[in-house]
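For the sequence shown, counting from 1, position 243 maps to 243 in UniProt numbering; every step adds exactly one.
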Amino acid sequence: AEKAEKEKAGKKDEKDAKKKKGDADKDKEKKVEPLKFDLANRFDRIVRLTVNSSHMADAMLSAKGDKLYYLSVFEDGYDLWEHNLKENVTKVLLKKVGAGALQPDKEGKNIFLCARDGMKKIEIEGSKISPIEFEAFFDYRPYGEREYIFDHIWQQVNDKFYVADLQGTDWNGYKETYKRFLPYINNNYDFAEMLSEMLGELNGSHTGARYYASGAALPTAALGVFYDEAYAGDGLKIKEIIAQSPLTKKKTDVKPGCIIEKVDGVAIKAGADYFPLLEGKAGRKVILSVYDPVTGKRFEETLKPISYGAQNELLYKRWVENCRKKVDEYSGGRIAYIHIKGMDSPSFRKIYSDLLSESSRKKEAVVVDTRHNGGGWLHEQVATLLSGKEYERFVPRGQYIGSDPFDRWLKPSCMLVCEDNYSNAHGTPFVYKTLGIGKLIGAPVAGTMTAVWWESQIDPSIVFGIPQVGCMDMQGNYLENRTLQPDILVYNEPEAVLKGEDAQLKAAVDHLLKGLPQKK
1 AEKAEKEKAG KKDEKDAKKK KGDADKDKEK KVEPLKFDLA NRFDRIVRLT VNSSHMADAM
61 LSAKGDKLYY LSVFEDGYDL WEHNLKENVT KVLLKKVGAG ALQPDKEGKN IFLCARDGMK
121 KIEIEGSKIS PIEFEAFFDY RPYGEREYIF DHIWQQVNDK FYVADLQGTD WNGYKETYKR
181 FLPYINNNYD FAEMLSEMLG ELNGSHTGAR YYASGAALPT AALGVFYDEA YAGDGLKIKE
241 IIAQSPLTKK KTDVKPGCII EKVDGVAIKA GADYFPLLEG KAGRKVILSV YDPVTGKRFE
301 ETLKPISYGA QNELLYKRWV ENCRKKVDEY SGGRIAYIHI KGMDSPSFRK IYSDLLSESS
361 RKKEAVVVDT RHNGGGWLHE QVATLLSGKE YERFVPRGQY IGSDPFDRWL KPSCMLVCED
421 NYSNAHGTPF VYKTLGIGKL IGAPVAGTMT AVWWESQIDP SIVFGIPQVG CMDMQGNYLE
481 NRTLQPDILV YNEPEAVLKG EDAQLKAAVD HLLKGLPQKK
């Protein structure tokens with residue numbers, strides 16, 4: 001028996017030794033040599049992988065490295081695309097899968113998409129997508145979470161505010177002052193408000209916290225009209241139909257002066273709140289019962305109302321067109337007008353197209369309007385566009401047809417500013433004035449030229465901002481909290497604005513006309 005036990009133990013030891021040796025061999029096999037990249041002439045080997053210039057959410061290579069999968073917006077929503085690197089062929093695998101993170105399985109047969117609306121499994125062969133259902137338990141402690149977010153925001157500001165001394169703010173003291181309110185806050189709306197109060201103690205731009213509520217909502221629709229506020233009878237009397245609004249999309253008898261008596265058969269009584277009649281009806285067919293006092297006729301009109309966001313866009317276009325007409329009227333057609341809506345790429349493409357259009361090139365000067373611009377990052381591009389200096393002309397057989405630089409404005413300009421300019425809409429006029437491109441006209445602009453980082457929290461309904469990168473002038477002064485004064489000070493008085501007057505616009509035209517040759 002003893003001998004048998006020894007033999008058994010010996011076999012076990014031998015087996016263990018073989019196992020260890022096998023594991024060691026496997027470790028040797030697993031050893032991966034470092035990758036060596038051929039970096040010579042690498043710039044000559046750069047190739048485009050996507051067929052469209054569009055927003056991308058994520059991308060990944062197949063296990064063999066022969067195919068690229070990526071999420072990209074093309075028409076309406078994020079699609080999953082496949083690009084064959086060997087064949088140089090691109091195709092859409094699935095439409096509207098949503099934005100998120102892509103992760104392949106070990107075999108490379110499936111892709112897992114982790115999106116905001118859940119996790120999904122995508123079978124590459126057959127292009128099938130299916131939701132991954134799961135259940136997870138989470139011990140949600142909102143008071144503890146808000147305390148963590150509070151401490152995190154305090155620390156981030158302490159570490160990343162654009163000046164290390166936080167502009168002399170007693171940040172430690174304010175932490176204790178505001179933290180004592182946390183036990184009494186039971187919702188994120190109040191929490192964001194309290195955070196904004198604390199961040200406001202920094203006396204800096206781009207601070208504050210926001211709460212973005214989520215969940216089902218029924219936004220109130222808009223008809224795209226102005227109502228006569230002096231009308232006191234039943235219904236809504238139309239004063240003006242906004243251009244490109246629903247009532248302009250087809251031939252209709254509805255016109256200014258008509259009275260909307262009912263919405264979907266529900267009468268509108270004098271002084272009653274009519275907004276509930278349009279609740280949740282944006283983009284859906286609505287029947288208006290209309291009365292025309294001029295003809296005495298009553299009729300119905302079917303249309304699809306728009307959202308208030310869409311109506312605001314139409315109102316913006318209306319305002320810009322009115323400004324353009326006023327400049328044309330004031331200048332006798334000699335001066336062009338452009339408005340920079342935001343300091344971003346779409347706005348730059350718009351002003352580039354308008355400013356260098358055939359009609360604008362025929363003008364002798366331009367009013368560049370930055371009023372009510374919320375900012376972005378466009379100062380260099382705007383300054384370059386407006387500061388062109390003519391250095392040659394094109395004259396075939398004695399006929400002048402143009403000048404270089406062809407892609408820049410070569411004639412006089414001035415820039416309108418107001419109290420509502422913010423961030424890079426402070427920075428852009430600052431650059432314009434500093435470089436001596438033209439005169440600033442309007443109201444003083446608050447010093448807010450600082451780059452911000454908006455950070456979402458672990459509860460993404462809470463977002464806060466840190467002004468992280470301060471901008472200095474060449475004298476070493478931060479532009480933050482440094483008011484930009486216009487060269488020509490003009491305020492638009494509220495009473496005048498209500499009458500449709502624009503003293504700032506008139507002053508801009510008058511200034512430019514003084515520098516133009518007198519018409520004979």
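Note that beta-carbon positions come from the ideal geometry of N, C-alpha and C, so glycine has one too.
Predicted model, so just to flag it, every value in this text is computed and none were measured.
| Check | Outcome |
| --- | --- |
| Residue 375 vs residue 425 beta-carbon contact at 8 Å | yes |
| Where residue 299 sits in the DSSP three-state scheme | strand |
| Runs of alpha helix (DSSP H) lying entirely within the region 428–512, each at least 4 residues, in chain order | 494–498 |
| Helix, strand or coil at residue 158 [DSSP, three-state] | helix |
| For residue 32 and residue 59, the rounded distance between their alpha carbons | 25 Å |
| Whole-Å CB distance - residue 285 paired with residue 304, under 8 Å assumed | 6 Å |
| Backbone secondary structure at residue 67 - three-state DSSP | strand |
| Whole-Å CB distance - residue 427 paired with residue 498, under 8 Å assumed | About 31 Å separates the two Cβ atoms, so there is no contact after all. |
| Proximity below 8 Å, CB of residue 371 to CB of residue 418 | yes |
| Status (buried if at least 16 other CB within 10 Å, exposed otherwise) for residue 502 | buried |
| Residue 504, buried or exposed, once every other Cβ within 10 Å from all chains shown has been counted against 16 | buried |
| Test: residue 32 CB closer than 8 Å to a CB of chain D | Among the chains of the structure shown, chain D does not appear; only one protein chain is present. |
| Secondary structure, alpha helix (DSSP H): runs of 4+ residues fully inside the region 70–143 | none |
| Closest by C-alpha distance to residue 449, when choosing among 437, 217 and 469 | 469 |
| Per-residue DSSP class, three states only, for residue 403 | strand |
| Beta-carbon contacts of residue 279 that lie in its chain and below 6 Å, excluding the five residues immediately before and after | 218 and 220 |
| For residue 339, the three-state DSSP class (helix, strand or coil) | strand |
| Local conformation of residue 392 per DSSP, three classes | strand |
| Bounding residues of the alpha helix (DSSP H) (the contiguous stretch that carries residue 43) | Residue 43 -> no alpha helix (DSSP H), and no H or E assigned at all. |
| Expected contact under 8 Å - CB spacing of residue 366 and residue 411 to nearest Å | 7 Å |
| Own chain, CB closer than 7 Å to residue 420, minus 5 neighbours either side, in chain order | 371 and 372 |
| Residue(s) in a DSSP beta bridge with residue 327 | None; residue 327 has no bridge partner. |
| Neighbour-count burial assignment, residue 138, 16 or more Cβ in a 10 Å radius | exposed |
| Length of the line joining the Cα atoms of residue 191 and residue 309 | 27 Å |
| Residue 446 to residue 168 span [Cα, whole Å] | 20 Å |
| Of the residues 496, 460 and 488, the one placed nearest residue 508, counting alpha carbons only | 488 |
| In DSSP terms, what residue 376 is bridged to | 343 |
| Simplified DSSP assignment, three categories, for residue 320 | helix |
| Whole-angstrom C-beta distance between residue 224 and residue 245, which should lie under 8 Å | 2 Å |
| Status (buried if at least 16 other CB within 10 Å, exposed otherwise) for residue 453 | exposed |
| Length of the line joining the Cα atoms of residue 62 and residue 108 | 6 Å |
| Segment contact, 8 Å Cβ cut-off, at least three pairs: the region 256–273 with the region 320–336 | no |
| Per DSSP, cross-strand counterpart(s) of residue 194 | Per DSSP, none; premise fails for residue 194. |
| C-beta atoms of residue 117 and residue 98 nearer than 8 Å | yes |
| Residue 248 - DSSP class collapsed to helix/strand/coil | helix |
| Contact under 8 Å by Cβ, residue 394 with residue 199 | no |
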